[in-house]
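The sequence shown begins at 3 in the numbering used here and counts up one residue at a time.
Heads up, the beta-carbon is just placed ideally off N, CA and C, and yes, glycines get one too.
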Amino acid sequence: MYILRNMVKKVFLTILRCHSTMTKKTVKVRGRKGTATMDISIPASITRKHDVERGDVFAIEETEDDEGRLILKYTRVYDGE
């Protein structure tokens with residue numbers, strides 16, 4: 003019983019660790035009135051961590067994964083300070 007209890011405890015802790023590292027940040031696309039341009043916001047935790055500010059410029063690349071889902075990759079090319 004002791005061995006089984008320890009195994010269950012280890013599995014539970016592993017699940018907790020995996021869940022906390024697998025949390026995905028999500029963003030919502032917003033449209034602008036009168037234009038086909040769309041805005042995607044950057045979560046506040048990322049802007050704080052990487053000091054993203056108004057005026058920063060990002061290059062964007064688009065690809066698709068094996069399931070045909072759109073992948074957007076942003077690379078900061080100018081720090082607007």
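Residue i, enclosing beta strand (DSSP E) - first and last residue
i: T77; result: 72-80
i: I42; result: 40-42
Collapsed DSSP secondary structure at residue i in the structure displayed
i: A61; result: strand
i: T49; result: helix
i: E66; result: strand
i: V31; result: strand
Environment of residue i [buried if 16+ CB atoms lie within 10 Å]
i: C20; result: Here C20 scores only 48 on pLDDT, less than 50, and its place in the model should not be relied on; the value that follows carries that caveat. Classification of C20: exposed, given that the 10 Å Cβ count is below 16.
Supposed contact pair residue j and residue i - C-beta distance, whole angstroms, cut 8 Å
i: V54; j: S43; result: Not a contact, Cβ separation roughly 11 Å.
i: M40; j: R32; result: 7 Å
Residue i and residue j closer than 7 Å at C-beta
i: K75; j: E66; result: no
i: R71; j: F60; result: no
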